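Student: The sequence shown begins at 1 in the numbering used here and counts up by one.
The following block contains the structure, expressed as structure tokens.
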Amino acid sequence: MPLLVILLALTGLAARPPALGQASAMLSGAVVDPAGGAVAGASVRLVNVVSGLDLSTSSDSRGGFRLTNIPFQEYHLEVGGRGFRTFARSLDLRSNLPVSVRVELELEVVTGAVEVAEWAGPGMLDLEASGTRANLSAGAIEQLPLPPSARGLEAALLSIPGFAANANGAIHPRGAHNQMTYVVDGMPISDQFSGQFATSIDPGLVRTLELFTGNVPPEYGAKVSGVANVTTKSGFDGGGRPFGQVEVSGGGFSTLAQALQAGGVRGRLGWLASASALKTNRFLDSPSFDNLHNGGNAQRAFTRLDWHGSPSQLLRLSLMAGRSSFQLANLRSQHASGQRQRRRLGDLSVSVGYVRVLAPAATFDSTTSYRGTEARLAPSAGDTPVTAELVRSLGTLSTLNRLNWRRGIHKVQVGLDAQLFPIREAFSFGLTDPDANRPGSPDFNPNLLPHDLSRGGARFRFADRAAGRLVTWFLRERARWRGLALDLGLRQDHYSLLVRDSALQPRVGLAYHLRHTGTVFRASFNRNFQTPPNENLLLSNAAQSAALAPPAVRRTLNGGVLPIRPQRQSVYETGFQQNLGGWAQLDAAYYRKHSANLQDNDNFLNTGIIFPTSLASSRVSGFEARLVVPEVRKVTGSVSLTHYRAIVTPPFTGGLFLGSSALDILSEGPFVIDHDQPLGISGNLVLRPRRRWWTSWQVRYDSGLVSNPSDPRAVASDPDYADLLPFVNLDGDPPRVRSRTVVDAAVGFEGYRGDRRRWEAVLQVSNLTNRQGLYNFQSVFVGTRVIQPFAASLRLRWFW
């Protein structure tokens with residue numbers, strides 16, 4: 001009910017029917033000659049060199065032009081025509097406030113065909129960014145050597161600093177555990193996107209991706225260790241012509257993928273539709289070098305409709321759906337016993353928004369969305385040491401409302417948001433291995449004995465439902481004066497589910513541009529309020545579940561029931577950007593994060609079912625840098641470096657604790673958590689020696705995440721793990737998986753008809769040297785997973 005009241009109140013601000021909202025900008029203009037006459041057929045080009053986004057159009061018979069669906073960024077505009085000098089200027093397009101420019105072209109001394117000039121350095125710096133952010137365009141993502149079975153968009157993010165790679169597409173942003181929010185055309189998605197939790201976003205839908213890891217704007221909440229703002233493709237991107245592509249690919253592990261995408265314009269309506277399917281025999285990362293019982297398939301669909309009723313009325317409807325069905329990867333002993341568990345996932349997202357232009361310098365926009373997900377785990381006859389069954393559904397209903405205006409050097413945004421998230425969970429389990437909880441053993445837990453099926457016990461059963469709320473208001477002002485840019489924000493969240501909590505969060509930053517050196521210095525401070533994960537939250541915080549905890553845990557932790565509270569965090573960052581002679585950009589940052597109630601996950605008795613937990617506090621410090629070379633002599637590339645240290649102080653402050661490992665951590669002091677990684681380096685190189693040929697190379701080095709402090713003798717005698725012992729250093733302080741370097745490569749050939757690309761063939765190779773290695777080893781939180789071995793694939797695409 002509060003959500004409906006807020007939506008009706010805010011939409012009532014507009015007297016006329018509202019237009020639809022969007023998280024993108026629009027540029028219009030007129031091209032004239034020195035006498036004021038219209039210049040028809042002038043070439044108009046809008047470029048962001050760092051992200052690689054390059055948009056172009058031509059002026060019409062009246063000299064007018066229009067570009068839509070422009071991701072928020074600073075751009076370089078170039079306009080040229082036959083007999084005229086090229087016009088060039090920078091444009092700041094960071095809001096949906098309408099931007100219109102009048103371009104007066106000067107006559108050339110000698111008339112003739114004038115080509116739009118190639119990039120020569122301007123715009124290499126982001127003069128407004130007061131925190132770390134990075135951008136990827138569709139073209140850059142296309143040329144990353146990602147195999148068909150890659151985990152969607154998450155794999156592309158690993159080319160950007162600040163992330164440590166984990167299994168099944170999971171990524172740790174700056175020492176956090178999957179606390180990422182993806183904003184797709186204004187719709188926030190805070191679900192975990194690793195392959196075990198949800199179907200990923202199709203990278204083929206992305207027009208640009210803007211990633212925030214420092215000074216996250218106050219409009220973003222819930223999970224803000226990293227925010228990926230995704231602008232999808234639109235039917236208007238084809239310049240009014242129908243367009244599309246068909247893709248077929250296949251490769252190692254019997255992988256087969258197909259995709260179809262088409263778009264176009266009918267009058268004022270732009271439409272885009274996409275569908276894709278994947279089948280593979282290596283769906284998840286395996287816990288052993290044997291790829292046992294690990295097949296799966298996934299399907300995704302997407303539709304976007306844009307209606308441009310008038311320059312002041314813009315409408316967008318987005319529909320996104322996905323489903324997957326896959327086998328859970330097994331240890332050798334589980335496979336030999338006949339364990340054949342299977343998980344099914346499904347999701348549906350609907351987003352409706354509108355923008356109304358209230359005045360030349362003011363807009364009101366709103367996005368209303370619903371996202372529902374469902375997960376099912378089916379047991380099998382040979383489950384060991386535990387058999388489990390799960391049915392879980394999550395829903396998120398959101399309304400995001402913003403009033404934007406510009407006055408002089410000031411840009412102001414006021415927002416009022418609300419979310420309602422219903423949760424339903426049903427779970428059961430039973431022990432099937434008589435050695436899993438043997439009476440008299442050091443780790444014996446008497447509270448599990450009633451559910452030991454090997455000793456005549458009965459299944460544990462749990463079912464519950466609840467609905468939470470998050471209501472938010474925020475203010476943000478941005479101003480630029482000479483070389484100084486200020487970004488001042490304030491956000492307040494009110495959260496209610498199993499606990500009630502609220503927080504006032506200042507998020508402030510500044511940037512200063514030294515024009516004569518081509519340098520931008522920046523600094524920021526953020527207070528963040530990160531809400532608990534909703535996946536299996538009810539079970540993790542229920543008294544019925546806490547009764548399963550060992551007696552010592554129940555005595556220590558208030559009977560084992562400690563509801564998870566939101567994580568509170570203070571983030572300090574300083575950094576700089578440097579323009580290197582107009583051919584490269586260097587971006588570097590140092591940060592410190594202090595958190596209370598650090599959120600993480602625990603694995604339920606080796607079932608593959610993950611539950612949220614929290615610990616008392618953490619401190620993370622790190623340094624990262626990225627060198628980007630947009631294009632020098634047909635070469636494009638980047639090198640990223642990431643270092644961070646993540647130290648956690650117990651005790652646990654919320655969640656479910658069933659194993660003896662929880663007792664060990666409770667009795668220890670601060671420890672280095674498994675997110676910690678001293679060094680990660682990622683390099684990407686794209687070479688286009690000729691118009692039709694290109695090759696892409698990606699090299700990633702990871703020094704290794706922290707592993708469980710296991711006994712090497714016990715590991716050596718365990719047939720499930722003995723062959724993994726050379727890939728982990730259990731004698732280190734702390735123990736870690738050993739470092740690894742993985743090389744991926746792709747070679748592509750394109751066919752053209754005139755200036756239009758008609759088809760493409762790409763050969764991709766993952767893990768070119770077939771390097772063996774681990775993501776993690778016997779982790780308390782995520783278990784054991786090995787990296788993917790060598791796999792080759794061939795991709796064919798046809799365009800129209």
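Cβ coordinates follow ideal geometry from the N, Cα and C atoms, glycine included.
It should be emphasised that the depicted structure is a prediction, and the values quoted were computed from it without experimental measurement.
To the nearest angstrom, report how far apart R82 and A42 are at their CA atoms.
Tutor: 8 Å
Student: Ordered along the chain, which non-local residues of its own chain (more than five positions away) have a Cβ less than 6 Å from that of P242?
Tutor: G264
Student: From which residue to which residue does the alpha helix (DSSP H) around V715 run?
Tutor: 712 to 716
Student: Below 8 Å, can you find three or more Cβ-Cβ pairs linking the segment 198 to 209 to the segment 541 to 550?
Tutor: no
Student: In the DSSP output, what is K411 paired with across the bridge?
Tutor: Note: K411 sits in a beta bridge opposite R406, R478.
Student: Among residues of its own chain, excluding the 5 on either side of Y721, which ones have a beta-carbon nearer than 6 Å to its beta-carbon?
Tutor: V715
Student: So, using beta-carbon positions, are L763 and L794 closer together than 9 Å?
Tutor: yes
Student: Drop a sphere of 10 angstroms on the beta-carbon of N437, count the other beta-carbons inside from all chains shown, and report buried for 16 or more, exposed for fewer.
Tutor: Residue environment for N437: buried (at least 16 other C-beta atoms within 10 angstroms of its C-beta).
Student: If we call anything under 9 Å between Cβ atoms a contact, is G162 one with T642?
Tutor: yes
Student: Below 8 Å, can you find three or more Cβ-Cβ pairs linking the segment 581 to 589 to the segment 529 to 540?
Tutor: no
Student: For the segment 621 to 636 against the segment 546 to 558, do three or more pairs of beta-carbon atoms, one drawn from each stretch, fall closer than 8 Å, so that the two count as touching?
Tutor: no
Student: For R268, I'd like the list of residues in its chain whose CB is within less than 8 Å of its CB, leaving aside the five on either flank, ordered along the chain.
Tutor: Result list for R268: W307, H308, G309, in chain order.
Student: By the 10 Å Cβ neighbour count, where 16 or more other Cβ atoms means buried, how is I409 classified, buried or exposed?
Tutor: exposed
Student: Give the secondary structure of P808 by DSSP, where H, G and I count as helix, E and B as strand, and everything else as coil.
Tutor: Outside the displayed range of the chain (1 to 800) lies residue 808, so it cannot be described from this structure.
Student: How is T556 classed by DSSP in three states: helix, strand or coil?
Tutor: helix
Student: Could you pull the DSSP bridge partners for L796 from this structure?
Tutor: V248, A761
Student: Check whether the segment 208 to 218 touches the segment 563 to 577, taking contact to mean three or more Cβ pairs, one atom from each stretch, closer than 8 Å.
Tutor: yes
Student: Taking all protein chains shown into account, decide if P188 is buried (16 or more other Cβ within 10 angstroms of its Cβ) or exposed.
Tutor: When all chains shown are included, P188 counts as buried.
Student: Work out the CA separation of W800 and G751 for me, nearest whole Å.
Tutor: 12 Å
Student: Count the other C-beta atoms from every protein chain shown that fall within 10 angstroms of the C-beta of E668, then say buried if there are 16 or more, exposed otherwise.
Tutor: Counting other Cβ atoms within 10 Å of its Cβ, E668 stays below 16 and is therefore classed as exposed.
Student: Name, in chain order, the residues that DSSP records as bridge partners for E573.
Tutor: S524, Y591
Student: Select from D493, P422, L278 the residue whose C-alpha is nearest the C-alpha of D464.
Tutor: Considering only alpha carbons, the answer is P422.
Student: Since G489 is in the beta strand (DSSP E), which residue starts that stretch and which ends it?
Tutor: 484 to 496
Student: Under 8 Å, with one C-beta from each stretch per pair, do the segment 471 to 484 and the segment 448 to 463 reach the 3-pair mark?
Tutor: Because the criterion of three Cβ pairs below 8 Å is not met, the segment 471 to 484 and the segment 448 to 463 do not touch.
Student: Which two residues bound the contiguous beta strand (DSSP E) that contains G748?
Tutor: 740 to 753
Student: Quick check on DSSP: helix, strand or coil for T111?
Tutor: Reliability fails at T111, whose pLDDT of 41 lies under 50, so the model's placement of it is uncertain and no value is given.
Student: May I ask you to report which of helix, strand or coil DSSP gives L539?
Tutor: helix
Student: Reducing DSSP to helix, strand and coil, say where E104 ends up.
Tutor: In this structure, E104 counts as strand in the three-state DSSP scheme.
Student: Output the distance between the C-alpha atoms of N178 and R371, rounded to the nearest integer angstrom.
Tutor: 19 Å
Student: Use the C-beta contact count for H335: other C-beta atoms within 10 angstroms, 16 or more gives buried, fewer gives exposed.
Tutor: Buried: at least 16 other Cβ atoms inside 10 Å.
Student: Between the Cα of S312 and those of A262, F364, Q341, spot the shortest distance and give me the residue it belongs to.
Tutor: F364
Student: Let me know the secondary structure DSSP gives I610 once reduced to three states.
Tutor: strand
Student: Just confirm the distance between the C-beta atoms of L679 and T653, as a whole number of angstroms; I'd bet it's less than 8 Å.
Tutor: The pair is not a contact, with the Cβ atoms about 30 Å apart (cut-off 8 Å).
Student: Who are the Cβ neighbours of G240 in its own chain at under 6 Å, not counting the five residues just before and after it?
Tutor: Cβ within range, chain order: V265.
Student: G263 by DSSP, collapsed to three states: which one?
Tutor: strand
Student: Do you know offhand how far I160's Cα is from S249's?
Tutor: 26 Å
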